[in-house]
Each structure stands twice: as structure tokens, then as C-alpha cells.
């Protein structure tokens, strides 16, 4: 079995074509998908996922690397427009899910000081956004994409 056959991100992307309203998918091109995290209550917490299965940018093709920069910038602009974040944290670990993906996390004034900077990794994942909250945030983000923010 190929690694992508067992990959959570690969499986989710195969299901994207069946998604309709209520999806966490915000934007997609040939190389990347941007979706809102379902695992947190931080409004505007996006995850950029490579469409093709690879671990990190060292395995990306030239076009994928170029596209990544543009997609990252767009994701950060969307987050800033949606949340008025003072800072936007970005990182990729690939430990739990060995498929290239990048976390894009807004840091707003309302985030308690303890969770700022590296401590964002300690931020509680529960409770996550309710389905209707997630749908509303994703709808707002898709509207921003459609209108060019």
C-alpha cells in the first residue's frame, strides 16, 4: 500500500469533490488547498495542505514551491482581513500527519498572553468551533477569496 493510501489529508482531498456547502475548504488550486481547522476554536486558524503527497518542501516540485509562496501569502492576507490579527503564526511539523501542511494561526489581542509565541502549541483544542460557526467562518473566507479580499 502506498503511503498516500493511508494518509488523512490525501483521503480528505479525494472527498473534496463531493463536498458542498458547509465544507471547511476555503480555496484550492492545482497544488494546494486551504481549509479552516476543525480542531480548534480559534477563528481564522487555517491549514494549507499540499494536494500531492510529500513530506516537506524539499520534495516539492519547482511549480509547487512557487505556488506555495503565493498561497501562503494569500492565506495570511485572508486571516488578517477576517480577524485583524496582530501576528500570524505559521509552522509545519508533519509528525502526526506526514503530508506537507502548514498551520496559519491568527494571534489577536484576545489570545491570552500565556499562549502567545511558542506557547500557541499549548492552546487547548477543545472545545472546537461548532459546525454552524465553522460554516459561517468558511463562508466569510470564501467570500473574501471571491471578491479579492
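In the working numbering, the protein residues as written are 1138 to 1286.
Beta carbons: idealized from backbone N, C-alpha and C, even for Gly.
Fully contained in the stretch 1212 to 1279 are the following beta strand (DSSP E) runs of length 3 or more, in chain order: 1224 to 1228 and 1238 to 1244. For residue 1202, the three-state secondary structure derived from DSSP is helix.
In the DSSP annotation of this structure, the continuous segment of the alpha helix (DSSP H) that includes residue 1152 starts and ends at 1145 to 1152. Taking residue 1258 as reference, the option from 1176, 1191 and 1146 with the minimal CA-CA separation is 1176. Per DSSP, the unbroken beta strand (DSSP E) holding residue 1162 starts and ends at 1162 to 1165. Distance from the CA atom of residue 1209 to the CA atom of residue 1197, rounded to whole angstroms, is 15 angstroms.
Between the stretch 1230 to 1237 and the stretch 1140 to 1152, the count of Cβ pairs shorter than 8 angstroms is three or higher; the stretches touch. Cβ-Cβ distances below 7 angstroms link residue 1212 to 1171, 1183, 1185 and 1241 in the same chain, with the five nearest sequence neighbours on each side left out; the list follows chain order. Beta-bridge partners of residue 1172 (DSSP): 1162 and 1184.
Residue nearest to residue 1187 within the set 1231, 1178, 1248 and 1269 is 1231 (criterion: CA-CA distance). Going by beta carbons, residue 1222 and residue 1243 fall inside the 9 angstroms limit.
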